[in-house]
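First the structure, in the form of structure tokens, and then the observations on it.
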Amino acid sequence: MPAFDNPFDPDVRLGAACGCGEHGSQAEHEADSAGDEPASRDAETLNGRVIQSAVMRALFPRDATRRRFLAAVGSSGALAAISSVVPFGALEAMAQDKGSLEKKDLKIGFIPITCATPLIMADPLGFYRKQGLNVTLNKTAGWALIRDKMLNKEHDASHFLSPMPLAISLGLGSAAQAMNVATIQNINGQAITLHVKHKDKRDPKQWKGFKFAVPFDYSMHNFLLRYYVAEHGLDPDTDIQIRVTPPPEMVANLRAGNIDGFLGPDPFNQRAVYDEVGFIHILSKDLWDGHPCCAFGVSDAFIKENPNTFAALYRAVLTSAAMAREARNRPLIAEVISPPNYLNQPVTVVEQVLTGKFADGLGNVKNVPDRADFDPFPWQSMAVWILTQMKRWGYIKGDVDYRQIAEKVFLVADARKHMAELEMKAPARSYARFKVMGKEFDPAKPDAYLASFAIRKAA
Amino acid sequence: MSSRDFWRAAALSLVFLAVLLGVWHLATLPRQQASAANDEYAKLMGKGAKKTEGLPTPAQIGETAWKHLADPFYDRGSNDKGIGIQLAYSLARVGLGYALAILFAVPLGFLIGMSPLMHRALDPFIQVLKPISPLAWMPIALYTIKDSSVSGVFVIFICSVWPMLINTAHGVASVRRDWLNVARTLEVKPLRRAFLVILPAAAPTILTGMRISMGIAWLVIVAAEMLVGGTGIGYFVWNEWNNLNLANVIFAILTIGVVGMALDLAIGRLQKLVTYVD
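Protein sequence lines, in the order shown, are assigned to chains A and R.
Position 267, counted from 1, in the first sequence is what the numbering used here calls 267; the numbers after and before it change by one each time, with no gaps.
Offset between the second sequence (1-based) and the numbering used here: plus 459.
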């Protein structure tokens with residue numbers, strides 16, 4: 001039972017061997033699953049232990065190092081030394097979420113796109129109310145404003161593009177403030193849409209001089225578009241033009257011919273098809289299947305001041321995500337998030353995005369059930385990839401401590417804890433390898449990955 | 460203007476309106492669409508369903524307007540409120556920013572108008588600050604004030620302050636020398652002179668400044684609300700643009716025009732009250 005053992009005992013092996021962390025192996029866990037709950041012991045001490053273990057694991061990923069450290073300073077000395085750096089007390093307070101809510105009236109900002117589906121649907125479906133929260137969803141005009149309203153504390157929590165909390169925490173494009181990705185909102189669900197006049201220019205090599213729109217500098221859209229054209233031999237900084245355009249303006253600009261295409265969020269790809277101005281060139285799923293897009297984020301300060309509220313909010317959003325993952329719920333979800341109060345879009349457009357049965361603008365009906373999905377787990381490897389791309393295109397200068405930033409901003413521990421509460425399966429690892437356009441990314445070797453690209457901004 | 464002229468002008472206005480609506484109607488008549496090969500594809504593209512293509516016809520605008528005006532005060536959540544409520548938000552912001560601008564600009568204008576020294580000292584600042592587009596202040600306002608609705612009010616304040624300030628200063632400076640000399644010979648105290656001689660004399664010019672300011676403020680509030688979002692008629696336009704619903708956008712544009720005209724007429728009335736014949 002590693003997680004509940006004293007992590008300051010040099011002879012204990014840390015690291016989850018089974019899903020709940022209570023057992024030595026998954027087999028033991030299953031054998032015991034009908035048995036008694038750990039709550040029968042002193043819950044608070046155990047809670048504290050879990051946190052201390054998590055911190056020790058994070059500080060000393062290798063057991064041998066931890067043992068040597070403990071043997072050298074003694075276990076009480078170690079606790080004192082580490083407590084001076086890590087606020088165990090605050091962390092423990094955070095973990096006790098069954099307590100009363102510190103703040104019930106919350107303001108949450110969102111951009112009217114299908115990426116925000118879990119955040120939005122929790123309102124009409126009553127998931128916030130069920131957690132005792134009175135949430136006001138504020139439709140916001142653009143990503144810069146989303147950032148400013150979070151920095152101003154006008155919004156308590158917000159829909160973000162997943163690279164934004166990294167950028168804000170690093171102080172890129174704004175004053176630095178510790179911001180977190182609590183959950184990923186959606187995976188996949190974006191597309192490259194081109195103007196109908198480019199129907200015969202399906203090879204990116206023919207795109208020299210094209211003007212593209214992306215929603216924000218610090219967006220997956222920007223990084224994926226750059227990646228995509230660079231893989232086809234175009235330098236995104238010199239061969240094409242990339243403009244930041246709020247999503248609602250993308251279709252209008254495409255119609256006016258100001259841009260040749262965009263890598264944008266849905267429903268605007270589908271809306272361009274519906275309005276017969278564009279066609280879907282490629283779904284972002286075909287660039288990187290399972291890529292994160294938007295995130296649900298809160299500031300460090302909010303979590304510290306309102307741990308119980310944060311936990312309740314977390315549960316509400318996770319409940320939504322769990323429901324949104326089920327394909328059979330998608331038509332209903334399209335129905336509840338389309339009215340003027342939320343997306344303000346025709347239901348049929350939103351439904352095509354969520355169900356994956358859509359018109360592509362070229363006269364075909366496609367059926368791609370995983371066009372959009374809502375996996376909430378904030379893989380830290382995703383954060384590392386984002387940071388490599390930020391460095392690749394010159395948004396970050398100098399050396400980057402990829403893991404340290406990723407682990408500070410992407411809250412996997414909270415995700416695991418709350419997903420377990422709702423009986424959702426959370427992966428035991430925080431890093432995973434994945435493929436982007438067929439090229440493997442190893443989160444353990446970000447610098448080597450970065451060096452492997454021929455097209456990049458000179459450092 | 461004789462009453463005959465009035466009726467002739469009114470008739471001509473109606474003719475213009477009819478021509479405008481006629482051209483609009485003809486230009487936006489729905490075109491026959493080539494039927495798609497595949498029924499399922501057509502359904503996904505919204506064919507056959509009630510889908511507006513291109514600019515809406517005048518009849519569609521009429522229908523939209525009726526729908527909004529029939530129920531102007533509905534409230535279906537934080538992002539979906541009736542047109543009446545949105546207008547009220549915009550008017551409140553304009554009113555607040557405008558009132559602050561009056562409180563600031565009129566006394567300062569008096570000071571500048573009465574003292575040539577102050578005039579010369581402050582002139583460079585005014586000349587530099589005046590031509591700045593009020594929306595350019597928005598990022599700084601958001602950053603320093605840290606509240607988007609107060610920032611909106613600030614932008615209204617900053618855009619309405621200059622015409623009032625300059626006109627007040629000009630009005631005060633160009634009060635006839637004779638009147639001031641008469642006041643001096645009668646040994647009128649400075650405060651009394653300001654309120655009983657200068658203010659009435661400068662009032663028409665001040666009101667002109669206020670009228671220009673109101674026009675600008677109403678122009679700017681729409682842009683500011685499109686930028687900041689949340690509530691107001693500008694937000695309404697933005698939200699409907701988001702949905703590419705041009706009928707609603709055109710309806711909102713017409714509403715903005717009518718309200719702007721009403722505001723201008725109101726101040727015009729006020730201006731008539733204080734005008735005098737030399």
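In this text, a Cβ means the ideal position worked out from N, Cα and C, and glycines have one as well.
Leaving out the 5 sequence neighbours to the left and right, which residues in its chain are closer than 8 Å to residue i when beta-carbon positions are compared?
| i | result |
| --- | --- |
| A93 of chain A | Here the model assigns A93 of chain A a pLDDT of 47, short of 50, so the residue's position is not dependable and the matter cannot be decided. |
| P659 of chain R | V733 and Y735 |
| I405 of chain A | L166, S169, L170, A383 and L387 |
| R433 of chain A | S381, E440, F441, D442 and P443 |
| W596 of chain R | F613, V614 and I617 |
Closest Cβ-Cβ distance between residue i and chain R: below 9 Å?
| i | result |
| --- | --- |
| Y218 of chain A | no |
| F262 of chain A | no |
| A34 of chain A | Legend: pLDDT at A34 of chain A = 42, less than 50; position of this residue unreliable, no value from coordinates given. |
| L133 of chain A | no |
| E276 of chain A | yes |
| K103 of chain A | no |
| T193 of chain A | no |
| K149 of chain A | yes |
| A95 of chain A | No answer about A95 of chain A holds up, because its pLDDT of 48 lies below 50 and its placement is not dependable. |
| K457 of chain A | no |
| T245 of chain A | no |
| L342 of chain A | The sequence given here places Tyr at residue 342 of chain A; Leu does not occur at that position. With 9 Å as the cut-off, Y342 of chain A counts as an interface residue toward chain R. |
| A383 of chain A | no |
| V298 of chain A | no |
| Q352 of chain A | yes |
| L172 of chain A | no |
| T114 of chain A | no |
| V214 of chain A | no |
Any beta-carbon of chain A closer than 9 Å to the one on residue i?
| i | result |
| --- | --- |
| K605 of chain R | yes |
| F616 of chain R | no |
| S537 of chain R | yes |
| M504 of chain R | yes |
| L703 of chain R | yes |
| L601 of chain R | yes |
| W697 of chain R | yes |
| V687 of chain R | yes |
| W596 of chain R | no |
| W700 of chain R | yes |
Mapping the DSSP letters down to three states, classify residue i as helix, strand or coil.
| i | result |
| --- | --- |
| A469 of chain R | helix |
| G109 of chain A | strand |
| A312 of chain A | helix |
| F475 of chain R | helix |
| V368 of chain A | coil |
| A191 of chain A | strand |
| F410 of chain A | strand |
| R243 of chain A | strand |
| A448 of chain A | helix |
| K357 of chain A | strand |
| N134 of chain A | strand |
Starting from residue i, find everything on chain D with Cβ-Cβ shorter than 8 Å and list it in chain order.
| i | result |
| --- | --- |
| Y500 of chain R | Structure shown: chain D not included; protein chains present are A and R. |
Thinking residue i and residue j are a contact (beta carbons under 8 Å), I'd like their distance in whole angstroms, please.
| i | j | result |
| --- | --- | --- |
| T627 of chain R | V565 of chain R | 5 Å |
| G361 of chain A | I280 of chain A | 6 Å |
| P267 of chain A | P246 of chain A | With a Cβ gap of about 14 Å, P267 of chain A and P246 of chain A do not count as contacting. |
| G109 of chain A | N134 of chain A | With a Cβ gap of about 16 Å, G109 of chain A and N134 of chain A do not count as contacting. |
| L194 of chain A | G261 of chain A | 4 Å |
| A116 of chain A | H159 of chain A | 4 Å |
| S537 of chain R | T136 of chain A | 5 Å |
Given residue i, which residues of its chain have a CB within under 7 Å of its CB, disregarding the five upstream and five downstream residues?
| i | result |
| --- | --- |
| A426 of chain A | F377, A415, R416, M419 and A420 |
| Q270 of chain A | V349, Q352, V353 and F358 |
| I184 of chain A | S162, P292, A295, D375, P376, F377 and P378 |
| P369 of chain A | A327 and G356 |
Skipping 5 residues on each side, what residues in its chain have a beta carbon closer than 6 Å to that of residue i?
| i | result |
| --- | --- |
| P517 of chain R | L480, W483 and H484 |
| G568 of chain R | L624, T627 and A628 |
| K103 of chain A | N306 and T309 |
| S338 of chain A | Q345, V347 and V350 |
| K540 of chain R | D534 |
| L125 of chain A | none |
| A600 of chain R | S610 and F613 |
Notebook entry, point to check: For the stretch 157 to 184 of chain A, which segments carrying the alpha helix (DSSP H) assignment without a break, of at least 4 residues, lie completely within its bounds, in sequence order?
Noted result: 163 to 170
Margin query: I'd like the ranges of any alpha helix (DSSP H) spanning at least 4 consecutive residues and lying wholly in the stretch 554 to 604 of chain R.
Written below: 575 to 588 and 597 to 604
Note to self: Could you tell me which whole beta strand (DSSP E) segments of length 3 or greater appear in the stretch 246 to 324 of chain A?
What the structure shows: 261 to 265, 278 to 283 and 294 to 299
Checklist line | 4 or more residues per run - each alpha helix (DSSP H) lying fully within the stretch 625 to 702 of chain R | finding: 636 to 644, 649 to 652, 658 to 687 and 692 to 701
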